[in-house]
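> Going by the numbering used here, the sequence shown opens with residue 1377, and the numbers climb by one from there. We put the beta carbon where it would ideally sit given N, CA and C, even for glycine. Okay, handing you the structure first.
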Amino acid sequence: ALTFSGARSEYLIDPFNIFDVTATTITTTAMVLTCIKPENNYTAILLAFGAFCQWLRCLRLLAMFSGLGPLVLMSIKMVNDIAVWVSLLAVVLLASSFSLYVLYRAGGSEYTDSTSNCNEHATPFADVAQNLRLLLEGSLVGDPYFSCIAGSANPIAGEVLAILFQVATTLL
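Right, here's the structure in full:
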């Protein structure tokens, strides 16, 4: 006989059921928040993610077709494989972000080079959330303001952290 926890874990093994649970949870939460406080920006964000998850539920219907079914299943397996890589990348991003924050948070972000675009962003590494955005954006499209490090108050330590980040993301 299956217990409740055994049935629950068996239910969540199927990736399509994970889409169902996620979509239903997010949409229900957003609807409850809408009833509590109708004009809330967070509710709109939740509804947007809920709508996205609801559309992902349509993958179950596409999996039934012989031409699309194997592609849908292969895509889901690829997402599972990429999840491991993304978790490793998240650790490297967090480590680099916090390291740059500690180095440049107070008094270490004055720039001696007045000709660079670093002065437009007064303290590009003085905030952890901004560091995550800059590092992720930089690893995807190019320079994550590492050129600003050379003109900062801590150029050597900053360059070492930049090189460590670039080597770690290259190895991943």
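Which residue from ILE1421, PHE1395, ASP1396, ILE1394 puts its Cα closest to that of MET1407?
ILE1421
> Between THR1410 and ILE1525, what straight-line distance do the alpha-carbon atoms span, to the nearest angstrom?
45 Å
> If you check the beta carbons only, do CYS1429 and ALA1459 fall under 7 Å apart?
no
> Please report how far the alpha carbon of LEU1511 lies from the alpha carbon of ILE1402, in whole angstroms.
29 Å
> Count the other CB atoms, across all protein chains shown, that sit within 10 Å of the CB of LEU1516; report buried if there are 16 or more and exposed otherwise.
LEU1516 comes out exposed.
> Rounded to the nearest angstrom, what separates LEU1548 and ILE1389 at their Cα positions?
28 Å
> Pick helix, strand or coil for PRO1531, following the three-state DSSP scheme.
helix
> Grab the span of the alpha helix (DSSP H) containing MET1454 for me, first residue to last.
1445 to 1480
> Can you grab the Cα-Cα spacing for the pair THR1546 / SER1385, in whole Å?
36 Å
> Comparing C-alpha positions only, which one of ALA1502, SER1475, LYS1413 sits nearest to ILE1539?
Comparing Cα-Cα distances from ILE1539 to each of ALA1502, SER1475, LYS1413, the minimum goes to SER1475.
> Thinking SER1472 and LEU1537 are a contact (beta carbons under 8 Å), I'd like their distance in whole angstroms, please.
7 Å
> Look at the alpha carbon of MET1454 and the alpha carbon of TYR1477, and state the distance between them as a whole number of angstroms.
34 Å
> DSSP three-state call for GLU1415: helix, strand or coil?
Secondary structure at GLU1415: coil, using DSSP grouped into helix, strand and coil.
> For ARG1481, verify whether its CB is less than 6 Å away from any heavy atom of the ligand SAH.
Among the components modelled here there is no ligand, and therefore nothing to report on the ligand SAH.
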